[in-house]
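Novice: Line by line, the protein sequences are chains A and B.
Using the working numbering, the first residue of the first sequence is number 1, and each one after it goes up by one.
Using the working numbering, the first residue of the second sequence is number 1001, and each one after it goes up by one.
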Amino acid sequence: MKNKLESIQERGIKEIRSASDLKELESLRVKYLGKKGELTQILRGMGKLNAEERPVIGELGNKVRERITQELNKSKELLEAKDLEKKLEEETIDVTMPGKKSPLGSIHPLRQSVENLEEIFISMGFKVVEGPEIETVENNFDALNAPKNHPSRDLSDTFYITDDLVLRTQTSPVQIRVMKDNKPPIRIISPGRCFRNDTPDATHSPMFHQLEGLVIDKNITLGDLKGTLEIFAKSFFGSHTQTKFRPHHFPFTEPSAEMDITCFKCGGIGCSMCKGSGWIELLGAGMVHPNVLEYCGIDSEKYSGFAFGMGIDRITMAKHDIDDIRLFFENDQRFLQQFR
Amino acid sequence: MLGPKKWLEKYVELNINAYELRDRMTMSGSNVEDIRNLSKKFEGVVVGRVEKIEPHGNADKLVVVTVNIGKKNLQIVTGATNFKENDYLPVAIEGARIAEDLIIEKGELRGKISEGMMCSHDELGISKSLIPENMKEGLWILEGNFDPGMPFEEALELNDDILEFEITPNRPDCLNMIGLAREISATLKTDLHYPEIKLQEVKDKTHEEISIRIDDPKGCHRYIGRVLKGVKVHPSPDWLQVLLMKAGIRPINNIVDATNYVMLEYGQPLHAFDLGKIPSKKIVIKKADGIGTFKTLDGVERKLQQETTLITDGNETLAIAGVMGGLDSEVDENTVDILLESANFDAARIRETSKNLGLRTEASSRYEKGVDKEVALTAINRVSQLIQNLTDCEVLAGVVDQYPIPFKESNIDLRVVRINQLLGTKFTSSEIEEILKSLEIKVINKGEILTVTAPSFRGDLVKEVDYIEEVARIFGYDRIPSTMPEATITVGGINLSAKVESLLKTALKAQGLHEVLTYSFVSPKSVSKISIPKDSPLQDTILLKNPLGEETSAMRTTLLPSMLDVLERNYKKGNAKMKAFEIGRTFWKNQQEKMPMEKSKLVIGAYGEEEDFYSIKGNIEEMLSGLKINKLSYVKEPYHSTFHPGRCANIYSNGELLGTFGEVHPIVSGNYGIEVRTYLAELDFEVILEQGDLNKKYQPLPKYPSILRDIAIVVPDHIQIAEIEKVFESYLEGILESFQLFDVYQGDQITKGFKSIAYSLVYRDFNKTLKEKEVNKIHEQVLKDLEEKVGASLR
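#1: By alpha-carbon positions, which one of B:I1387, B:C1648 and B:Q1305 ends up nearest to P1666 of chain B?
#2: With burial defined as no fewer than 16 other Cβ atoms inside 10 Å of the residue's Cβ, what is the status of H997 of chain B: buried or exposed?
#3: Which same chain residues, not among the five before or five after I1405 of chain B, have their C-beta less than 7 angstroms away from its C-beta?
#4: Does any residue of chain B bring its CB to less than 9 angstroms from the CB of D164 of chain A?
#5: How about the stretch 1512-1522 of chain B and the stretch 1553-1560 of chain B: do they share at least three Cβ pairs that are nearer than 8 angstroms?
#6: Can you give me the start and stop residues for the alpha helix (DSSP H) that W1239 of chain B sits inside?
#7: DSSP three-state call for E330 of chain A: helix, strand or coil?
#8: Return the Cβ separation of A1092 of chain B and G1107 of chain B in integer angstroms, given the expectation that the two are a contact with Cβ distance under 8 angstroms.
#9: If we require 4 or more residues per run, which alpha helix (DSSP H) segments fall completely within the stretch 1502-1535 of chain B?
#10: Do G305 of chain A and V215 of chain A have their CB atoms nearer than 9 angstroms?
#11: Considering just the uninterrupted stretch of the beta strand (DSSP E) at N1073 of chain B, what are its terminal residues?
#12: Which of helix, strand or coil does DSSP assign to A143 of chain A?
#13: Determine the chain B residues that contact D224 of chain A at a beta-carbon separation under 9 angstroms, and present them in chain order.
#14: Answer yes or no: do R1022 of chain B and L1062 of chain B have a C-beta to C-beta separation smaller than 9 angstroms?
#15: Put R1226 of chain B into one of helix, strand or coil per three-state DSSP.
#16: What residues in its chain sit with their C-beta under 7 angstroms from that of I1214 of chain B, if we drop five residues either side in the sequence?
#17: Can you give me the Cβ contacts of Y160 of chain A inside the same chain, cut-off strictly under 7 angstroms, excluding the 5 residues immediately before and after it?
#18: Using a Cβ-Cβ distance under 9 angstroms, would F1587 of chain B count as near chain A?
#19: If we cut at 9 angstroms on Cβ distances, does S113 of chain A have a partner in chain B?
#20: DSSP three-state label for P191 of chain A, please.
#21: Y1679 of chain B and G1753 of chain B look like a contact to me (Cβ under 8 angstroms); what is the Cβ gap, rounded to whole Å?
#22: Mind checking if S1438 of chain B is an interface residue toward chain A, Cβ cutoff 9 angstroms exclusive?
#23: Can you list, in chain order, the stretches of the alpha helix (DSSP H) that have 4 or more residues and sit fully within the stretch 69-148 of chain A?
#24: Between the stretch 214-234 of chain A and the stretch 1478-1491 of chain B, do at least 3 Cβ pairs fall closer than 8 angstroms?
#25: Name the residue from A:G309, A:F339, A:H204 and A:Q337 whose alpha carbon lies nearest to the alpha carbon of R326 of chain A.
#26: Is it the case that the Cβ atoms of P1004 of chain B and L1142 of chain B are separated by a distance below 9 angstroms?
#27: Cα separation between Y1745 of chain B and E1609 of chain B?
#28: List, in order along the chain, the chain B residues whose C-beta lies closer than 9 angstroms to that of Y295 of chain A?
#29: Counting along the chain, where does the beta strand (DSSP E) carrying V1635 of chain B start and finish?
#30: The stretch 1465-1480 of chain B: which residues have C-beta closer than 7 angstroms to a C-beta of chain A, in chain order?
#31: For E1611 of chain B, which three-state DSSP category applies?
#32: Would you mind reading off the limits of the beta strand (DSSP E) that contains N1650 of chain B?
#33: Suppose only complete runs of 4+ residues qualify. What are the alpha helix (DSSP H) ranges in the stretch 1698-1765 of chain B, listed by chain order?
#34: Do E1568 of chain B and Y1672 of chain B come within 9 angstroms of each other at the CB atom, strictly closer than that value?
#35: Check the Cβ-Cβ distances between H1221 of chain B and every residue of chain A, and say whether any is below 9 angstroms.
#36: Nearest to F335 of chain A by CA position, among B:Q1385, B:L1517, B:A1397 and B:R1349, is which residue?
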């Protein structure tokens, strides 16, 4: 009997190891361990054994069962792994096929610039305010100290609705609105649409965008103007950006300046964008003219301040290498999509 | 303003090159935009003297010229005709490089050797607008005598950097060489030399020869006349011609050139009349009476308007003051005696006149910016001296100077403390004094206060800040330390409306919409183009007085046409789909107030295979859900003529109309040439702002399981989903947690006139696990209600 058991074990293991699939394995399990299986059959005959032999054969029988079960499990694991591998193999797909998308839209590049500019100034304590697109001649010109005969007031420059109402030619009238309605300290920026009587071409548009800034408080200096705008330029164009302040003239600021920054295309070496100078004109600025402060009811002896304004379209064009301002207002999907 | 470096050097020492000068001047406020040269680069061009001109023999139109170029004579064949023996002219010798890399080689013309080329202005790269009339079609003939063989650019000082200054409107005093030299002198801290004026007057006096009367003192502030006799009119010497060309002015003749030279030097426009053509010997300055025309120097008959100041001889008009002289009193080659005019005309008057005439001249553009009243006398003496030198004429003694409203100096006190306060500097009073004096400002230094007087040419210096700017710019903005405002801390940020706008935009972008920006002005016809009836308030647009064109002449009352324009453009460019939005303003007349109303609207537009009514609806709902505007109701809108009458709805939130959306009426999309189904929505941004809620409060998540029940019911066709959902909604207070439509079916399986609708209902009790029995009870009730209210039967 002992020999029989041992030969079952030997044969069983051999057969199990050579099983090629789970089905064959199952039939082997039945063959050896099933109710009518070989091992079961033998163990059933144990009753015929004497008391001495019985525990010995019993123990051996259990060992053989254990061994075969162990072998079955091992093979099962192997075969299952093989099966899974095969299945996965069969499920191979073409990973280069296109993805399933729910396509992203886009924010207009000009509005993205506005958002970036706003972020920087908000971090410096500026509030964002807005003003109307239709403005009074008073706010757009008179209050800003523009001489009565200033050419910018001409019909060839400004869109008029009535003799007293214009489409604002700059965001500066928002300064007037804010100063009339608020007491210092004032620290605002105001982005928005502006209009000038220009026939559209690659660099002109009858509608364009500006961002205005205004700071009014006690003891505000020209040095503060420089410091604030230098920080702005570095945050917007990168920390390597250099600035240059040149004296200029605007009716509503005195002293007035234009700020140039090192060309962001060539870094100041000189290229086609900066016409070889290494510098790009970025914005106009200056100390708010006392006439303007007084006009708005702010004591120019007690308070001083600075204002600045920049063309958003131009900055955006430069930043993205856009060579035609009209692209902004044509709204071709193929253009917009590039700014996702 | 063009400033030739060599001309400027007559008045101020310049020990730096043009590029350094550009940088220094730019930093003190005279921005230099460009540095250029009168001629294009050329090599190998020398002065030649014409020795002999002989016929060619083989060609009628050619001559053979012997030209002396110093070391030798050259034989040159030419077709030019405007020269004679002993003329001096530029000669490009063999190997010379002229006009855009043209290399001159020895050649043969009809059998005769030609060893070089005699050049015109144009061939040396001089702009056509600067070439004197008599040499436009021919060679550049020099007036003077030179050593043959001398390099041409040396002979005429052509190697001169010309700086193009951007002069701001407040500084008309810099529109001349002396003005620029003054700025240079202050910037570089070098000495300034004014020209020395010495006149040799004869005994006869100007005032005995002519009389001057100003009848229009508002238009004419000063008028000086001086008489010169026995002038000879001919071309100017080469140096004068070249200087004028460098400054951008075409040489005419010695008299006119002298007046232009002094205008460029001092900024004082000058005019010369042929005195022989003014028999009355009288000058009367008066306003035009509004009748008649006048032929100006350029031969154009000009219509005179009232409010034009005229120079007359008492009867006949001689010149339009400050703009242009007349043809009839023009100096010509027969002129012997001249009357010089150095006058000061009112800036506004000249600007108006020049605008009305559509005629802008060197003189008018200076007058309209403002000319120094005090310089008139210096300038007339200077030009008299120059003409005397050029033509050896008699200068009559004295001038006639009518000066009804003389210039008055005014002074003002500057506070040292104020200057430093505004600039963030620590200047002492003597530092400030030094800077101001370098600009010819008179200063009395009283320590804490400086009493200053501006020179007559600085009309822009009025207020204390004007002087503060002078201090800052001459000191150098770049040397003023940068600081941060030590002001009160302020909190930055955007307002609620901007926050809401930003949320809406982010939601739309995430759903695949592109933000567009369109003009605030449209064609007034655009409202009709979207089929809006004539009597609609949308038609009552605000119109521009001076639009660029009809297409941009009305302020928009709706964003729909703008969006359709965008869709049209994309469609016509072949873009298969487009889905876009814009948040922009509309403009409305306002009866009570002067200011029109501006209302923000949100517009959405789309076309493309994936789009339909419900995709737009879904976009709107998703967008609004971010603002917690969830309880929306829709009412079919069959009357909005922009839209498909069966596919348009008004959206309401809490009874407030948010806007309208739907499929565009085929006639309207046809008006835009769009041949596919197109969708639009326009929502009122202000109502969204009102209805929106940015507060987000946490709702606890359910702890107990839900029970899901699907139902399929059959209802009559006319029943709208909203009616069915109204039934479900009434159960939301109870254990019905949510309901979701998942199928609508009409077809073979369903009786005609009915439709099958399937919903998933989710039941949940927030406080305990629901039992089937409880759900069954409510579910049956729901079905019963559906049967009663919308005639539903279970499928």
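Just so you know, even glycine gets a beta-carbon here, dropped at the ideal spot from N, CA and C.
Just so we're clear, the structure is a prediction, and the values are computed from it rather than from any experiment.
Specialist: So, from the data block:
#1: Of the listed residues, the one whose Cα sits closest to P1666 of chain B is B:C1648.
#2: Here chain B covers residues 1001 to 1795 and nothing more, so residue 997 of chain B does not appear.
#3: The residues P1217 and H1221, in chain order, have a CB closer than 7 angstroms to that of I1405 of chain B in the same chain once the five nearest residues on each side in sequence are set aside.
#4: Cβ-Cβ to chain B under 9 angstroms: yes for D164 of chain A.
#5: Contact check between the stretch 1512-1522 of chain B and the stretch 1553-1560 of chain B: three or more CB pairs, one atom from each, fall below 8 angstroms, which counts as touching.
#6: It spans D1238 to K1246 - the alpha helix (DSSP H) in which W1239 of chain B sits, taken as one unbroken run.
#7: Of the three classes helix, strand and coil, the one that applies to E330 of chain A here is helix, per DSSP.
#8: No, A1092 of chain B and G1107 of chain B are not in contact; Cβ-Cβ is about 12 angstroms, not under 8 angstroms.
#9: For the stretch 1502-1535 of chain B, the full-length alpha helix (DSSP H) segments reaching 4 residues or more read 1526-1529 along the chain.
#10: Cβ atoms of G305 of chain A and V215 of chain A: closer than 9 angstroms.
#11: Unbroken beta strand (DSSP E) run through N1073 of chain B: N1073 to T1078.
#12: In the three-state scheme derived from DSSP, where H, G and I count as helix and E and B as strand, A143 of chain A is classed as helix.
#13: Chain B residues near D224 of chain A: G1424, S1482, T1483, M1484, P1485, E1486 and A1487.
#14: No, the Cβ-Cβ distance between R1022 of chain B and L1062 of chain B is not below 9 angstroms.
#15: Correct three-state label for R1226 of chain B: strand.
#16: These residues qualify, in order along the chain: C1220, Y1223, I1285, Q1402 and P1404.
#17: Closer than 7 angstroms at Cβ, skipping near neighbours: V166.
#18: Yes, F1587 of chain B counts as interfacial toward chain A.
#19: Using a Cβ-Cβ cut-off of 9 angstroms, S113 of chain A does not count as an interface residue toward chain B, since no Cβ of chain B sits closer than that to its own.
#20: P191 of chain A carries a strand assignment under DSSP once its states are collapsed to helix, strand and coil.
#21: About 29 angstroms separates the Cβ atoms of Y1679 of chain B and G1753 of chain B, ruling out a contact at the 8 angstroms cut-off.
#22: No, no contact with chain A.
#23: Annotation note: the stretch 69-148 of chain A contains the following uninterrupted alpha helix (DSSP H) runs of length 4 or greater, listed N- to C-terminal: 109-123 and 137-140.
#24: By the criterion of at least three beta-carbon pairs nearer than 8 angstroms, the stretch 214-234 of chain A is in contact with the stretch 1478-1491 of chain B.
#25: Comparing Cα-Cα distances from R326 of chain A to each of A:G309, A:F339, A:H204 and A:Q337, the minimum goes to A:H204.
#26: Their beta carbons are not under 9 angstroms apart, which means P1004 of chain B does not touch L1142 of chain B by this criterion.
#27: Each residue's CA atom was taken as its position, placing Y1745 of chain B and E1609 of chain B some 22 angstroms apart.
#28: None at all; the shortest Cβ gap to chain B is about 14 angstroms.
#29: Segment L1632 to K1636, the beta strand (DSSP E) holding V1635 of chain B.
#30: Hits within the stretch, in order: V1465, D1466, I1468, E1469, A1472, R1473, Y1477, D1478 and I1480.
#31: In the three-state DSSP reduction, E1611 of chain B falls in the coil class, being neither helix nor strand.
#32: Secondary structure note for N1650 of chain B: its beta strand (DSSP E) is the uninterrupted segment F1643 to S1653.
#33: As far as the stretch 1698-1765 of chain B is concerned, its whole alpha helix (DSSP H) runs of at least 4 residues are 1721-1729.
#34: A contact, by the Cβ cut-off of 9 angstroms.
#35: Not closer than 9 angstroms to any Cβ of chain A, the Cβ of H1221 of chain B fails to qualify, so no.
#36: Of B:Q1385, B:L1517, B:A1397 and B:R1349, the residue nearest in Cα terms is B:L1517.
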